[in-house]
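> Under the working numbering, the first residue of the sequence shown is numbered 35, with each subsequent residue one higher.
Please find one structure pasted underneath; my questions will follow.
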Amino acid sequence: MKLKMKCKLDYSKEIRWERNFLKKKCKEVGLEKEFTAYQMRLSANYVGVFVLLHLAFTILHCVMLLTTCEDRDKIYIDVGCYTLSTVLVTLVLWPSANPICMPKLRYKMYLTSVLAVVFMVITDLLLNIYHYYMDDWIIGSFFDTYTLFTIYMFLPIPYILPPLLLGISVSVIYTSYFVLYLASKHRYEISNVTHLNYMSVEISHHFCVNLYGAFFRIMREIIVRSSFLDRHQYVMEDIWLRSAREQEKVFLHSILPPQISQPIQDDIRNRIKFSEKHRITPINIRRDRIMAIQIHPDVSILYADIVNYTYLTTTLTVKKLISLLHELYARFDLAASRYTVQRIKFLGDCYYCVAGLTRPDPDHAKCCLDFGLCMIDNIREVRAKENLDIDIRVGVHSGALCAGVLGAAKLQYDIWGSDVVIANRLEGTGVPGHIHTSERTLQMIIEPIYEVKPGTEKARNDPFLQKHNVITYLIPPNVRTRTITNLDIEHIKIIDSETNLKQQSSIGLELREEFKKMPVGPISLKKKNFKELFHLWRKDRDKERIRTRPVIGIYLLHFRDPRLEYSYMHQPDYMLKYSILLAWVFGLNLCYIQYVHDSGLVKSGVIVDIFVMLSLTVLLLLTWYKKLCFLRYSTQDHEYSRISCCLFRVAESIQRSLIKRIGIYMYTIISYFCIITVMLMDCDKEEYEVVHIESKLYHYEPDMNMCFHPWLLTNMVCLIIGMSLIFTRIPFMMKVVVSTLEAITYMVILFFQFEYIVHHSLTTNPYFEAEYAHCLLVIITLLSLYFKERQTEFNNKINYKWREELLKKQHDAYIADQSITILLHNILPAHVANVYLTSLAKHELYYEDYAMVAVMFASLHNFELDLPNLRVLNEIISEFDRILSYYRDDYLVEKIKIVGCTYMAACGLDLRFSSVISQQRSTHESVIQEVLRARRSISVLRKDNYASSEKKEEVVFVLTTFALDLMRTLWTCNNEYRNVPVDRDVFTADMSIGISSGEVMAGVVGASQVHYDIWGNAVNMASRMDSTGLAGQIQVTEETAEMLRKYGLECNYRGMTFVKGRGILPTYFVGIDENYEFKYIYESGRQNLSDDSDSHGSSEINA
């Protein structure tokens, strides 16, 4: 069976360098207008370069005429005409060199360009006619090739067709002059085959020059459009990066103050960079824990609690309850912003905040009291509007506190200290609808305006308040404060939408400003930049100029950084096929010229021509085959043969390899000179001298085919120099060196090898030696093309530098985006993060309803929250957070919050059913080993008819396993801290845990800070199980105990326990032995399980 290798055509990279694709892309992104403006600026720069070059060439030509010609009287007319022509050309084109005036001269650009060309052509031809009639001098045209190069490379004619028409017109004029004028004056028979051949050579030369100019225009447009689109992308990436960083800053600062968030931001970025450098995931980086905590000695703390909230969780629907909380907390957040109070967080129905925290405020006590009165007014308004039996208790106290973040996951800003506890107790012992404040807070009010009543009996009997000698007072809401209504929230939304519109308009403005800063060449002709002509490449301390001007060499435009130069040179060349096409046409033209010259068809010349053209044709087909296939099959799915696949790979290999491209480049140049060498070798100098002398003596016409025609050869060399400089993606240094060597070699041949033949050829001015005219044309061509290519190379390198900056910007943007993602996931659950970036950013309500969620509260006992012990607490919480990483691959355990010394978590908020624990994690960790052992124990007791409802209940077992892991971790920490000098009366390893399960509501509410929380009866019951539990025990409700028994866990009946808001309920302790292992139930019926059942259960967990 014959095997066929087939492949698909991938033209995605090459098409990005197609003119039509780039033009379409510019229109798609709306950049055509800006691109046109930039083209005009670019053209203005080219015009300025041409004016300087033309002035320099005219001076050089005139100086050579005045210093080398014997009869200067006949030269003055030439010098005067050249000077006048240069002045006229300068005057006509100078306004086009000013980019400010160019938009006003759009319709005049064609006229000025045509006038400049007319002045140059008329000067050249009229001088020829004048010297023929007045001085009987037969001279040749000088400006034909130079004028054609000028039209395509320097004149401000836009697009491709207009300069092509003008170039063809100039070629027609010069060809007509050659045919009609010279032929008639010298009595040549136009029908003579020799003369027709020379006319065809002249036409082919003009055809190649026009083709060269059109090629340059197309390549320049491709490069400029690509550079322009890259610049556009660079600006957009820069704007996006700043926006991402601003988003990160706003988001983080809405939750954490800048002084707390900055070390966290730096740590996240450093971890990402470290992970990229060492090729590891950021989650596995072991680092020193950051504890960002600050002391604030003079603040006011407010605690507020919604009265009758427990009843609402059992009577209202999910959406109704969350909507109510969202409206209340949104009002509170907006009021907090008005009274310069920073919300810390809310705990279900508890809302607490601090005044004077982020910025010192001597009026912080009054701000807190006013805010509390505003909260009372708002909740009463909502109560009347919704017809609900709710109220609020508010407690306010002034003093000192510690603020910051603890732990390593789900970072939340929190406050600690005895004064914080006092404020909390004031709220708990207060009266609904009143502010319960301390004497210290009232003493800080400069002008008392509040009605003050004695405090409550509860406060006087509270042990903690008695311990700190706190005297309390009640402030009724008799002072009317403005409430926050829905209109305020809608107004915020309108402001946000207006802000988005302003941001979009600012992006457009910034784009236009950036496009104006785009450089158009290595030399700028603005008045303020004339000094750059002499000091252009000095290292500028101005950051903007450093950003837009890479440090490159003055002549060869090489990057001073060798690594950057190396990477630039090794770029793939997706325009190689166009260079090969132009090289093929030039090669064909040279072969034709040789054929016309060498009518005898020397065998060596034929072999050279055939070999050169065959090799160039192979390269042409090889580089164009891919594009031809794309044009043929771009609209259909086509599989290519083995030969086609090999051709694709060879072409791509040439495009990617600098060495291969240089080899093709040098082969092309050497092939051209082989053709010229054959022509030179076919010339017998001695015989030519003899025949030429005899023709002068005996007055007869010599054979024109005896030797090469010097001007044809000079034109050929000019084309080769042009080909050497325009070949794409060849190092500019190499192209300059090669073209310079070509010019020097040819001039050496002119002056030393074939001096007699060149000397007796046509000259361009009377008494001006022909060899000087030939050398001047070669020099002018070389310098013109060098400065043209210098402009192009400069733009190419600027474009590449921009791309490098773009990649760096994209990488920075990636890191910023990653840090935002990490921060989001470190504050919100993963499935909520994306929602926050869309809807929550617009102050919209987001909530979820889960049918079965397990909730856990774990509290450390006898742990005083002062500054020395917060570090210990941070270590413990960080260890707890580390355990979360082992509960990501199966049922996800989410950390909800930390409240003082209480750790709150839930399982089932983002159910992702995964039957196998990832084996890629390190199995030496004791935690994962215990989880695997617990799962194997479940499989022994699991029945075959495992229902989906029971599978949902597995979240209870997972969270209970997590709770046991916390107890083990705390035991480990206790052993570690035995050797640490801490107060043993303060730190103990005692921890009580409460777990409950059931329907839970989750969401993000409020109008400012993002805080994800959960509500529901299960949350309240888990909190009560913790508060009524015992140290070293996991207390659960009766429903939760039944679920755990299904998984074989022993649950011991504790007794009837009083639960606030629910009365007396039966509670249970999860069976745990002295080694912190679960106690399992072994019933007699389950002792006889078969091996099949055992294997079935084991496979079920690993399925």
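Ideal Cβ placement from N, Cα and C applies to all residues, glycine included.
For clarity, every value in this text was computed on a predicted model and none was experimentally measured.
1. I'd like the list of long-range same chain contacts for Lys661, defined as Cβ closer than 8 Å, with 5 residues on each side in sequence excluded.
2. Give me the DSSP bridge partner(s) of Met768.
3. Cα separation between Asp607 and Val1039?
4. Apart from the five residues just before and just after Leu862, which ones in its own chain have a Cβ nearer than 8 Å to its Cβ?
5. What's the call for Tyr732, buried or exposed, on a 16-neighbour Cβ count within 10 Å?
6. Closer than 8 Å is the cut-off here; do at least three beta carbon pairs connect the stretch 185-194 with the stretch 235-255?
7. Whose C-beta lies closer than 6 Å to the C-beta of Gly441 among residues of the same chain, with five residues either side of it excluded?
8. Got a sec? Which residues, its chain only, sit under 8 Å from Val992 by beta carbon, not counting five neighbours each side?
9. Determine the DSSP secondary structure at Val439, reduced to helix, strand or coil.
10. Could you check if His468 is buried or exposed, using at least 16 other CB atoms within 10 Å of its CB as the buried criterion?
11. Which residues does DSSP pair with Ala131 in a beta bridge?
12. From the DSSP output, in three-state form, read off Ser295 for me.
13. Would you tell me roughly how many angstroms separate the C-alpha atoms of His88 and Thr120, rounded to the nearest one?
14. For the 8 Å Cβ check, are there 3 or more pairs between the stretch 233-244 and the stretch 796-804?
15. Assuming the contact rule is C-beta atoms closer than 8 Å, Val152 and Leu200 should be a hit. Round their C-beta distance to whole Å, please.
16. Taking Ser295 as the reference, give the member of Ala437, Met1090 and Val989 with the closest Cα.
17. According to DSSP, which residues form a beta bridge with Glu1084?
18. Is Gln605 helix, strand or coil when you go by DSSP?
19. Is the CB-CB distance between Ala939 and Ile1027 below 8 Å?
20. Please classify Val712 as buried or exposed, where buried requires at least 16 other C-beta atoms within 10 Å of its C-beta.
21. Measuring CB to CB, does Leu245 end up less than 8 Å from Val619?
22. If you drop the 5 nearest sequence neighbours on each side, which residues of the same chain put their C-beta closer than 7 Å to that of Arg546?
23. Hey, would you say Met143 sits closer than 8 Å to Phe177, going by beta carbons?
24. Which residue's Cα is closest to the Cα of Tyr626: Phe212, Val1070 and Val640?
25. Mind checking whether Arg254 and Thr826 have CB atoms under 8 Å apart?
26. Give the DSSP-derived three-state secondary structure of Met233 in the structure shown.
27. My output table needs one value for Pro482: the three-state DSSP class, helix, strand or coil.
28. Which same chain residues, not among the five before or five after Arg53, have their C-beta less than 8 Å away from its C-beta?
29. Skipping 5 residues on each side, what residues in its chain have a beta carbon closer than 7 Å to that of Leu591?
30. Can you tell me whether Trp1005 is helix, strand or coil according to DSSP?
31. What would DSSP say about Trp450, mapped onto helix, strand or coil?
32. Measure the alpha-carbon distance for Pro292 versus Ala434 and round it to whole angstroms.
33. Between the beta-carbon of Pro190 and the beta-carbon of Ser261, is there less than 8 Å?
34. I think Ile335 touches Val454, with their Cβ atoms under 8 Å apart; what is that distance to the nearest whole Å?
35. In this structure, does DSSP put Ser952 in helix, strand or coil?
36. Using C-beta distances below 8 Å, list every residue in its chain close to Gln267, excluding the 5 sequence neighbours before and after it, in chain order.
In short, the structure shows the following:
1. One-based indexing of the sequence shown puts residue 661 at position 627. Apart from sequence neighbours up to five positions away, the residues of its chain that approach Lys661 with a beta-carbon distance below 8 Å are Tyr45, Glu48 and Lys611, ordered along the chain.
2. Your numbering for residue 768 matches position 734 in the sequence shown. According to DSSP, which records beta bridges pairwise, Met768 is partnered with nothing at all.
3. Here residue 607 refers to the residue found at position 573 of the sequence shown. Here residue 1039 refers to the residue found at position 1005 of the sequence shown. Rounded to whole angstroms, the gap between the alpha carbons of Asp607 and Val1039 is 55 Å.
4. Your numbering for residue 862 matches position 828 in the sequence shown. In its chain, beyond the 5 residues on either side, Tyr870, Val1038, Val1044 and Tyr1046 have a beta carbon closer than 8 Å to the beta carbon of Leu862.
5. Translated into positions along the sequence shown, residue 732 becomes position 698. With fewer than 16 neighbouring CB atoms inside 10 Å of its own CB, Tyr732 falls in the exposed class.
6. Yes, since at least three Cβ pairs between the stretch 185-194 and the stretch 235-255 fall closer than 8 Å, the two stretches touch.
7. In the sequence shown, residue 441 corresponds to position 407, counting from 1. Excluding positions up to five away in sequence, the list reads Ile911, Ser912 and Asp915.
8. As a working mapping, residue 992 is identified with position 958 in the sequence shown. Around Val992: Ala888, Tyr921, Asp924, Tyr925, Val927 and Cys941.
9. Numbered from its first residue, the sequence shown carries residue 439 at position 405. In the structure shown, Val439 adopts coil according to DSSP, grouped into three states.
10. For the purposes of this step, residue 468 is identified with residue 434 of the sequence shown, where counting begins at 1. For His468, the number of other beta carbons within 10 angstroms of its own is at least 16, and it is reported as buried.
11. Position 97 of the sequence shown, counted from the start, is the residue given in the question as residue 131. In the DSSP assignment, Ala131 forms no beta bridge with any residue.
12. Numbered from 1 along the sequence shown, position 261 holds the residue referred to as residue 295. The DSSP-derived three-state label of Ser295 is helix.
13. As a first step, residue 88 is located in the sequence shown; it is residue number 54 there, counting from the start. As a first step, residue 120 is located in the sequence shown; it is residue number 86 there, counting from the start. Approximately 7 Å, taken between the alpha carbons.
14. Fewer than three beta-carbon pairs drawn from the stretch 233-244 and the stretch 796-804 are found closer than 8 Å, and the two stretches are therefore not classed as touching.
15. The residue you call residue 152 lines up with position 118 of the sequence shown. The residue you call residue 200 lines up with position 166 of the sequence shown. About 10 Å separates the two Cβ atoms, so there is no contact after all.
16. Along the sequence shown, read from residue 1 onward, the residue named residue 295 stands at position 261. The option with the nearest alpha carbon to Ser295 is Ala437.
17. If you number the sequence shown from 1, residue 1084 lands on position 1050. Assignment of beta-bridge partners to Glu1084 by DSSP yields no partner.
18. Locating residue 605 in the sequence shown gives position 571, counting from the first residue. DSSP places Gln605 in coil when its eight states are reduced to three.
19. Reading the sequence shown from its first residue, position 905 is the one you call residue 939. Reading the sequence shown from its first residue, position 993 is the one you call residue 1027. No, the Cβ-Cβ distance between Ala939 and Ile1027 is not below 8 Å.
20. The count along the sequence shown starts at 1 and reaches residue 712 at position 678. By the 10 Å Cβ count, Val712 comes out buried.
21. Here residue 245 is taken as the residue at index 211 of the sequence shown, counted from 1. Here residue 619 is taken as the residue at index 585 of the sequence shown, counted from 1. With respect to Val619, Leu245 sits close: the two C-beta atoms are nearer than 8 Å.
22. Your numbering for residue 546 matches position 512 in the sequence shown. Spatial neighbours of Arg546 in its own chain (CB-CB distance under 7 Å, excluding positions within 5 residues in sequence) are listed in chain order as Glu68.
23. Working through the sequence shown from its first residue, we reach residue 143 at position 109. Working through the sequence shown from its first residue, we reach residue 177 at position 143. With contacts defined as CB atoms closer than 8 Å, Met143 and Phe177 fail to qualify as a contacting pair.
24. One-based indexing of the sequence shown puts residue 626 at position 592. For the options Phe212, Val1070 and Val640, the alpha carbon positioned closest to that of Tyr626 is the one of Val640.
25. On the sequence shown, residue 254 is found 220 positions in, with the first residue counted as 1. On the sequence shown, residue 826 is found 792 positions in, with the first residue counted as 1. Here Arg254 is near Thr826, since their CB atoms are less than 8 Å apart.
26. Counting from one through the sequence shown, the residue named residue 233 turns up at place 199. In this structure, Met233 counts as helix in the three-state DSSP scheme.
27. One-based indexing of the sequence shown puts residue 482 at position 448. Of the three classes helix, strand and coil, the one that applies to Pro482 here is coil, per DSSP.
28. Reading the sequence shown from its first residue, position 19 is the one you call residue 53. The answer, listed in chain order, is Ile252, Glu255, Ile256 and Arg259.
29. Looking up residue 591 in the sequence shown gives position 557. So the qualifying residues of the chain are Phe766, Arg824, Glu827, Phe828 and Lys831.
30. For the purposes of this step, residue 1005 is taken as the residue at position 971 of the sequence shown. Three-state result, Trp1005: helix.
31. Reading the sequence shown from its first residue, position 416 is the one you call residue 450. Taken through DSSP and simplified to helix, strand or coil, Trp450 comes out as strand.
32. On the sequence shown, position 258 is the one that residue 292 refers to. On the sequence shown, position 400 is the one that residue 434 refers to. Rounded to whole angstroms, Pro292 to Ala434 spans 20 Å at the Cα level.
33. Counting from 1 along the sequence shown, the entry for residue 190 is found at position 156. Counting from 1 along the sequence shown, the entry for residue 261 is found at position 227. No.
34. Looking up residue 335 in the sequence shown gives position 301. Looking up residue 454 in the sequence shown gives position 420. With 8 Å as the limit, Ile335 and Val454 qualify as a contact, their Cβ atoms being about 6 Å apart.
35. Within the sequence shown, residue 952 is the residue found at index 918, counting from 1. Confidence at Ser952 is low in this model, with a pLDDT of 29, below 50, so the placement of that residue is unreliable and no value is reported for it.
36. Stepping through the sequence shown from its first residue, residue 267 is reached at position 233. Hits under 8 Å: Leu840.
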